[in-house]
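Chemist: First the structure, then my questions, so here it is.
There are 2 protein chains.
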Amino acid sequence: MRAAILAVGSELLGTERLDTNSLLLTEALLRHGVELRRKSVIGDVEQEIGAELRDVLPRLDLVLLTGGLGPTADDVTREAVAAALDRPLVADPELLAGLERRFQRLGWAMPAVNRRQAQVIAGAEVLANPRGSAPGMRVAAGAATIFMFPGVPSELAGMIADHLEPWLAARSGGVSRETAVLKVAGLPESLVEERIAPAYEEFGREAITILAKPSDVRLLATATGAPDERRARLQAMTGRLAELVGDAVYSRREEDTLESVIGDLLRAAGATLAVAESCTGGMLAERLTRVAGSSDYFAGGAVTYANRLKTALLGVPEALLAAHGAVSEPVARAMAEGVRARLGCDYGAAITGIAGPGGGSEEKPVGTVHLAIAGPAPAPGRPEVDHRQLRLPGDRGRIRWQAVQLTLDLLRRRLLAAVPATPAGTAGDDAALAGGAGAGAGAGGQPRRAP
Amino acid sequence: MRAAILAVGSELLGTERLDTNSLLLTEALLRHGVELRRKSVIGDVEQEIGAELRDVLPRLDLVLLTGGLGPTADDVTREAVAAALDRPLVADPELLAGLERRFQRLGWAMPAVNRRQAQVIAGAEVLANPRGSAPGMRVAAGAATIFMFPGVPSELAGMIADHLEPWLAARSGGVSRETAVLKVAGLPESLVEERIAPAYEEFGREAITILAKPSDVRLLATATGAPDERRARLQAMTGRLAELVGDAVYSRREEDTLESVIGDLLRAAGATLAVAESCTGGMLAERLTRVAGSSDYFAGGAVTYANRLKTALLGVPEALLAAHGAVSEPVARAMAEGVRARLGCDYGAAITGIAGPGGGSEEKPVGTVHLAIAGPAPAPGRPEVDHRQLRLPGDRGRIRWQAVQLTLDLLRRRLLAAVPATPAGTAGDDAALAGGAGAGAGAGGQPRRAP
Numbered sequence: 489m490r491a492a493i494l495a496v497g498s499e500l501l502g503t504e505r506l507d508t509n510s511l512l513l514t515e516a517l518l519r520h521g522v523e524l525r526r527k528s529v530i531g532d533v534e535q536e537i538g539a540e541l542r543d544v545l546p547r548l549d550l551v552l553l554t555g556g557l558g559p560t561a562d563d564v565t566r567e568a569v570a571a572a573l574d575r576p577l578v579a580d581p582e583l584l585a586g587l588e589r590r591f592q593r594l595g596w597a598m599p600a601v602n603r604r605q606a607q608v609i610a611g612a613e614v615l616a617n618p619r620g621s622a623p624g625m626r627v628a629a630g631a632a633t634i635f636m637f638p639g640v641p642s643e644l645a646g647m648i649a650d651h652l653e654p655w656l657a658a659r660s661g662g663v664s665r666e667t668a669v670l671k672v673a674g675l676p677e678s679l680v681e682e683r684i685a686p687a688y689e690e691f692g693r694e695a696i697t698i699l700a701k702p703s704d705v706r707l708l709a710t711a712t713g714a715p716d717e718r719r720a721r722l723q724a725m726t727g728r729l730a731e732l733v734g735d736a737v738y739s740r741r742e743e744d745t746l747e748s749v750i751g752d753l754l755r756a757a758g759a760t761l762a763v764a765e766s767c768t769g770g771m772l773a774e775r776l777t778r779v780a781g782s783s784d785y786f787a788g789g790a791v792t793y794a795n796r797l798k799t800a801l802l803g804v805p806e807a808l809l810a811a812h813g814a815v816s817e818p819v820a821r822a823m824a825e826g827v828r829a830r831l832g833c834d835y836g837a838a839i840t841g842i843a844g845p846g847g848g849s850e851e852k853p854v855g856t857v858h859l860a861i862a863g864p865a866p867a868p869g870r871p872e873v874d875h876r877q878l879r880l881p882g883d884r885g886r887i888r889w890q891a892v893q894l895t896l897d898l899l900r901r902r903l904l905a906a907v908p909a910t911p912a913g914t915a916g917d918d919a920a921l922a923g924g925a926g927a928g929a930g931a932g933g934q935p936r937r938a939p
Numbered sequence: 489m490r491a492a493i494l495a496v497g498s499e500l501l502g503t504e505r506l507d508t509n510s511l512l513l514t515e516a517l518l519r520h521g522v523e524l525r526r527k528s529v530i531g532d533v534e535q536e537i538g539a540e541l542r543d544v545l546p547r548l549d550l551v552l553l554t555g556g557l558g559p560t561a562d563d564v565t566r567e568a569v570a571a572a573l574d575r576p577l578v579a580d581p582e583l584l585a586g587l588e589r590r591f592q593r594l595g596w597a598m599p600a601v602n603r604r605q606a607q608v609i610a611g612a613e614v615l616a617n618p619r620g621s622a623p624g625m626r627v628a629a630g631a632a633t634i635f636m637f638p639g640v641p642s643e644l645a646g647m648i649a650d651h652l653e654p655w656l657a658a659r660s661g662g663v664s665r666e667t668a669v670l671k672v673a674g675l676p677e678s679l680v681e682e683r684i685a686p687a688y689e690e691f692g693r694e695a696i697t698i699l700a701k702p703s704d705v706r707l708l709a710t711a712t713g714a715p716d717e718r719r720a721r722l723q724a725m726t727g728r729l730a731e732l733v734g735d736a737v738y739s740r741r742e743e744d745t746l747e748s749v750i751g752d753l754l755r756a757a758g759a760t761l762a763v764a765e766s767c768t769g770g771m772l773a774e775r776l777t778r779v780a781g782s783s784d785y786f787a788g789g790a791v792t793y794a795n796r797l798k799t800a801l802l803g804v805p806e807a808l809l810a811a812h813g814a815v816s817e818p819v820a821r822a823m824a825e826g827v828r829a830r831l832g833c834d835y836g837a838a839i840t841g842i843a844g845p846g847g848g849s850e851e852k853p854v855g856t857v858h859l860a861i862a863g864p865a866p867a868p869g870r871p872e873v874d875h876r877q878l879r880l881p882g883d884r885g886r887i888r889w890q891a892v893q894l895t896l897d898l899l900r901r902r903l904l905a906a907v908p909a910t911p912a913g914t915a916g917d918d919a920a921l922a923g924g925a926g927a928g929a930g931a932g933g934q935p936r937r938a939p
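Chains as they are written, first to last, in our numbering: chain A, 489 to 939; chain B, 489 to 939.
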């Protein structure tokens, strides 16, 4: 089944409101395996609503309208649909009596304008709306079906449960669609896409969706069909995607963030962390402390925006700053080692860079960033300090965000290399679904949050 | 002129994302008196995009598309528009060279898939996108015009300014609707609403809009008509609103933020600032350093999440912590004084609190926060340290955000009290519009950003 959603209301075409009703409708559609092809927002304009219906009715099976069923002159959804279907509106005496009773209960005389809400498209099924005065309608239009719902969100939610869900269930045979997620850090969208290309071929392009922000990509795998079948398919898809993307996958749980995964790793290792930031100005510490309970492993940090503070708070030698400049590999390393030692933590993470728009030079343009992680050597012979140099695109905000994201990812990889492997998939459906995690998450697997 | 907006992206048809790009486009359209007739969201499906274009092109003048211009296989907007217009796609060698240079700068080889982004619809004008890899296009379709923009919001915003606004301005004969803003900090929406009630009566309810986030309210005053007339009306409205809201108004410029206004005040005073944070974990420093050039006045700070760091980095006496607890007035004061003295700045700001969800007690529930500002006494006989205790509602994220916002506001008021009054409205249209600023901004007026 293919569906369209149409939200009616001129206020939804301004600069301040968005149609959020469609999210409620979409949830119901997806649960029942209905494909949402499009959604539109249209003002309270009869001819525009009619044009939309004439466009979509011949090619889709289901059209869900919200809004424009009120009593006032600018509520024209009833008239527009009737005109588009070439059917008359007829007064429904039962509806009218119900409306009058409703107003009586509230102690008011029914305003004359509300009589319009008792008008029904000939042949339509009236859908009761006990939460408001605007009844809904369901009407057949050739092979397609139109639902008309009120735009008030609380009324709509009730009517989805009362009228739409049962109708969809009768046609779909129950819930039939499930989604699994892989969260990926530190790779641009196009590289992720290149890596997973074989999975598109194996499972079909429409089964896999990439949702990307800079340096933070979510892969959604979707399966339909009977419960056992779609579970097996999801497991196969996520296993294959994890294999293809490799250790850039940082979690298979929607609620995880890079900072929560790092928290899990630090807690599992019984280790503590401190950070030193220059161009990111506190954003790294802020990300880490978004996690409730982060005080278990995060001690704090220094925002050393002024160079003199790099010396005063972190012990970066003045001579090093003079020789290499604040944005340099030696200074990033000294910041990480300094914050680790001075704040007495197992790990120190440091960022120094040029976020712009000013401050760039030919040698060190805006976007030049040095990251460093100091900590116990992850294995004999491995260095204590990891360093990475970046040349980031974008504006100040984006450079800062990416610098933090890539520092978190560098730290995650370092912790994975240090933490001894934990047994994966111990119990439960969720763990079973994550069966192939070892392949995607490097030597350490995906430690799970402490209960 | 009548317009439609079309957002392309299958992720916008799920339950997790809304098309917010259309709000940016709508703003530009309204400014130039263009009527937005409809907006639609369509998946990355060529035939569906084509159907929409065939539906709207014959009856509207302007179609604005966003999204689907990326490099990956599911980005089909280019192909869909070309097919709907029955025109070929041709490779643009200059675009291709630019893309290759972009990837070189990032230190990567350009993935083969990105070559698609150099494909242009025959006869289309290429719209440069210096902020990303997807160029836009403008193409004539009979009497109508189609704009194609990337879906990344920051890239879109830049392209609206660079390409759409000038095009609209050339056709609309100039702006016909104007909005002025007052930005308000530290008051809840309902109190702002109460204060401005008289202005609703005087100017009409539809002329004034309140847009609110917790502790950050924007008041929009809108006027239409001939330039002189609407300017006069806007000036009357904003003057009256500023008078009613009082010194909670922190700016009349849309681009200002609380942190940029504080930067202006610090720069005007030639003063420096350091911060000490506990529960906000770096968010205060992060906000302050969002402002380009903040290194002129912001030295840095300490995130003292662990209590021992409050002593080690800020010199908060252990006895004080033991006697009052970390979340207390004496500790907040000691943190502000400590960071001011140890980091050698004119002002020190400090936050300590319980952001939750754990850590609360009967005496100090979640949401208890102490703020302090240390600095030179603003006037003879006034104290050096200001303190404020809060009991904030909401979850961890909201408590942290509000704590930072109210600390910034406390700092702003302190700086206003300290900075000698500067002459307001010296030159230019903008300054003239802000003529009544003195009333809204307290003794100090609104210092303008240094050029």
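For every residue, glycine included, the Cβ atom is placed at its ideal position computed from N, Cα and C.
On the DSSP bridge assignment, give the partners of B:F786 in chain order.
Modeler: Per DSSP, B:L761.
Chemist: I want to verify the contact list: residues of chain B whose CB lies under 8 angstroms from the CB of A:G788, in sequence order.
Modeler: A790, V791, T792, Y793, A794, L797 and L801
Chemist: Taking the alpha carbon of A:I696 as the reference point, which residue from A:A720, A:M725, A:G630 and A:Q592 has its own alpha carbon closest?
Modeler: A:M725
Chemist: With 7 angstroms as the C-beta to C-beta threshold (strictly closer), list the residues of the stretch 615 to 637 of chain B near chain A in chain order.
Modeler: Residues passing the 7 angstroms Cβ filter: R619.
Chemist: For A:P599, which of helix, strand or coil comes out of DSSP?
Modeler: coil
Chemist: Between the stretch 834 to 850 of chain A and chain B, which residues of the former have a C-beta closer than 9 angstroms to a C-beta of the latter?
Modeler: A843, G844, P845, G846 and G847
Chemist: Quick one: using the 10 Å Cβ neighbour count with 16 as the cut-off for buried, is A:S748 buried or exposed?
Modeler: buried
Chemist: Between B:R526 and B:I493, what straight-line distance do the alpha-carbon atoms span, to the nearest angstrom?
Modeler: 7 angstroms
Chemist: Answer yes or no: does any C-beta atom of chain B fall closer than 7 angstroms to that of A:T710?
Modeler: no
Chemist: Give the interface partners of B:A561 over in chain A, defined as CB-CB distance under 9 angstroms, in chain order.
Modeler: E681, A685, Y688 and R693
Chemist: Relative to the C-alpha of B:T895, which residue among B:L615, B:A764 and B:G692 is closest?
Modeler: Distance from the Cα of B:T895 is smallest, within the candidate group B:L615, B:A764 and B:G692, for B:A764.
Chemist: Does any residue of chain B have a CB that is nearer than 7 angstroms to the CB of A:S783?
Modeler: yes
Chemist: Considering Cα atoms alone, identify which of B:R590, B:G882, B:A539 and B:A736 is closest to B:A571.
Modeler: The shortest C-alpha separation from B:A571 is found at B:A539.
Chemist: According to the neighbour-count rule (16 or more other Cβ atoms, all chains shown, within 10 Å of its Cβ), is B:Q535 buried or exposed?
Modeler: exposed
Chemist: Determine the closest residue to B:G885 out of A:E806, A:R778 and A:R821, with distance taken between C-alpha atoms.
Modeler: A:R778
Chemist: Starting from A:V614, follow its DSSP beta bridges and name the residues at the other end.
Modeler: A:M625
Chemist: For the stretch 538 to 571 of chain B, list every residue whose C-beta sits within 9 angstroms of some C-beta in chain A, in sequence order.
Modeler: A539, E540, R542, D543, V544, R547, G558, P559, T560, A561 and D562
Chemist: Residue ranges of each beta strand (DSSP E) run of no fewer than 3 residues wholly in the stretch 780 to 853 of chain A, ordered along the chain?
Modeler: Counting only runs of 3 or more, we get 786 to 792 and 835 to 841.
Chemist: Under three-state DSSP, which class holds A:L679?
Modeler: helix
Chemist: Going by beta carbon distance, what residues of the same chain come within less than 7 angstroms of B:G611, once the five residues before and after it are set aside?
Modeler: R575 and V627
Chemist: So A:A600 and A:L584 are supposed to be a Cβ contact under 8 angstroms. How far apart are they, rounded?
Modeler: The Cβ separation is near 12 angstroms, so there is no contact.
Chemist: Assuming B:I952 contacts B:L553 (C-beta within less than 8 angstroms), just tell me the rounded distance between them.
Modeler: In the structure as shown, chain B begins at 489 and stops at 939. Residue 952 of chain B is therefore absent and cannot be evaluated.
Chemist: In the structure shown, what three-state DSSP assignment does A:A658 receive?
Modeler: Note: A:A658 maps to helix in three-state DSSP.
Chemist: What residues of chain A sit near B:K527, judged by a beta carbon separation below 8 angstroms?
Modeler: L501, S528 and V529
Chemist: Considering only the alpha carbon of each residue, which of B:L675, B:A773 and B:T710 lies closest to B:D735?
Modeler: B:L675
Chemist: How would you call B:G556, buried or exposed, if buried means at least 16 neighbouring beta carbons within 10 angstroms?
Modeler: buried
Chemist: So within the stretch 489 to 564 of chain A, which uninterrupted beta strand (DSSP E) runs reach at least 3 residues, ignoring any that extend past its ends?
Modeler: 490 to 496, 523 to 530 and 550 to 554
Chemist: Does the separation of the CB atoms of A:V857 and A:G841 fall below 7 angstroms?
Modeler: yes
Chemist: With DSSP as the reference, label B:S664 as helix, strand or coil.
Modeler: coil
Chemist: With a threshold of 7 angstroms between beta carbons, is B:T514 in contact with chain A?
Modeler: yes
Chemist: If I'm right that A:R902 touches A:I861 with Cβ under 8 angstroms, what's the distance once you round it to whole angstroms?
Modeler: 5 angstroms
Chemist: Would a check of beta-carbon distances place B:E806 closer than 7 angstroms to chain A?
Modeler: no
Chemist: Sorry if obvious, but does the Cβ on B:A572 come closer than 6 angstroms to a heavy atom of the ligand SAM?
Modeler: The ligand SAM is not part of the structure shown, which contains no ligands of any sort.
Chemist: Listing by chain order, which chain B residues have their CB less than 7 angstroms from the CB of A:T777?
Modeler: G769, G770 and Y793
Chemist: Please list, in chain order, all residues of the same chain as A:L732 whose beta carbon is under 7 angstroms from its beta carbon, the five residues on each side excluded.
Modeler: R683, I684, P686 and A687
Chemist: In chain B, which residues lie less than 8 angstroms from A:G885 when you measure between Cβ atoms?
Modeler: S642 and R778
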